[in-house]
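Final position of the sequence shown in the working numbering is 1322; the numbers increase by one with none missing.
Glycine included, C-beta positions come from ideal geometry on N, C-alpha and C.
The next block holds one structure in the form of structure tokens; read it before the comments.
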Amino acid sequence: MPRSRVSALADDRARKIFASPEPLHERPRAQEIAAKMGFALIKHDSRCLDCHYTPKLAGARVTARAGVACESCHGAAQSWINVHNNFEGRQVERASETAATRREREKRNVAAGMFSSANLADLVARCYACHVVADEQLVAVGGHGAGGGFELLERLEKVRHNFVRGERVENARFPPEEKRRLLVLGTVLELEAVLRAWRRRAR
């Protein structure tokens, strides 16, 4: 398994990112929605894949490779994982990486296709692409919730993040100024996502 997913899968299980430990495709509510939408298999060629799984192309079909993982938010890692994990030519640990080198590495991450905190608005917008459901058929026919009520800061603190600065034991806490920035950004981007969804449904 690619190393971009190994720690993510372990952390998903350990930190209980989801409220229910039951896999999505085994939940009665998910099966009910899938039946209404005509999805024979939730984990294969369904609209559930983009938000509830890490999808991959397997031959002529799209299937789930893993659950929600790093790539769900940061984008497919094949082009940027080696840049992201290379700290000054691997001569130092990430914790001792210089600020200048980190900024340069983050620029290269973005150039390689990573949705990074270096471009925070683009990264956070990906949260609301799933947590505000713009698919009218999925809501009206399938009975899926429309989303909303997504607490960005709360979720970011639950998902395994900044664990190097947290001495690999727990997430490093966001400083107050970063919390304020995320609060404002999350509010604005959620509103934008809702307005885009309304516009799409009105067409």
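Opposing strand residues paired with residue i [DSSP bridges]
i       : result
LEU1176 : VAL1181
GLY1264 : DSSP output for GLY1264 lists no bridge partner at all.
HIS1203 : Answer is none; HIS1203 lacks a bridge partner.
HIS1163 : THR1182
Element boundaries [alpha helix (DSSP H), containing residue i]
i       : result
LYS1155 : 1147 to 1156
ALA1195 : Looking at the DSSP string, ALA1195 is not in any alpha helix (DSSP H), and its letter there is neither H nor E.
ARG1274 : 1271 to 1277
HIS1171 : 1168 to 1171
ASN1228 : 1218 to 1230
Contacts around residue i, its chain only, beta-carbon distance under 7 angstroms, and the 5 residues preceding and following it disregarded
i       : result
LEU1310 : none
THR1217 : none
MET1120 : Annotation note: pLDDT 43 at MET1120 (below 50); position unreliable, coordinate value reported separately. Nothing listed; no residue qualifies.
CYS1170 : CYS1249
6 angstroms CB neighbourhood of residue i in its chain, flanking five on each side removed
i       : result
SER1165 : PHE1158
ARG1122 : Because the pLDDT at ARG1122 is just 43, under 50, the model does not fix this residue reliably, and the value given afterwards should be weighed accordingly. Within the same chain, ARG1122 has no close Cβ partners at all.
GLU1255 : ARG1320
ASN1205 : none
LYS1199 : Correcting the residue type first, residue 1199 is Trp in the shown sequence and not Lys. Hits under 6 angstroms: ASN1228, ALA1231, GLY1232, MET1233.
HIS1193 : MET1233, PHE1234
VAL1251 : GLY1266, ALA1312, VAL1313, ALA1316
HIS1203 : ASN1228
Own chain partners of residue i with C-beta closer than 8 angstroms, once the 5 adjacent residues on each side are dropped
i       : result
ARG1318 : none
LYS1162 : HIS1144, LEU1168, TYR1172, THR1182, ALA1183
ARG1180 : HIS1163, ASP1164
Spatially closest choice to residue i from the options, by CA coordinates
i       : options                            : result
ARG1184 : TRP1199, ALA1153, LYS1175          : LYS1175
LEU1301 : THR1182, ARG1279, ARG1222, ARG1274 : ARG1274
ALA1188 : MET1156, LYS1277, ALA1237          : LYS1277
LYS1155 : HIS1263, PRO1295, VAL1307, TYR1247 : HIS1263
LEU1271 : GLY1261, ALA1259, ARG1299          : ARG1299
PRO1142 : GLU1151, ILE1152, GLU1190, GLY1186 : GLY1186
Restricting to runs no shorter than 4 residues, where is the alpha helix (DSSP H) found entirely within the region 1239 to 1264?
1239 to 1250, 1255 to 1259
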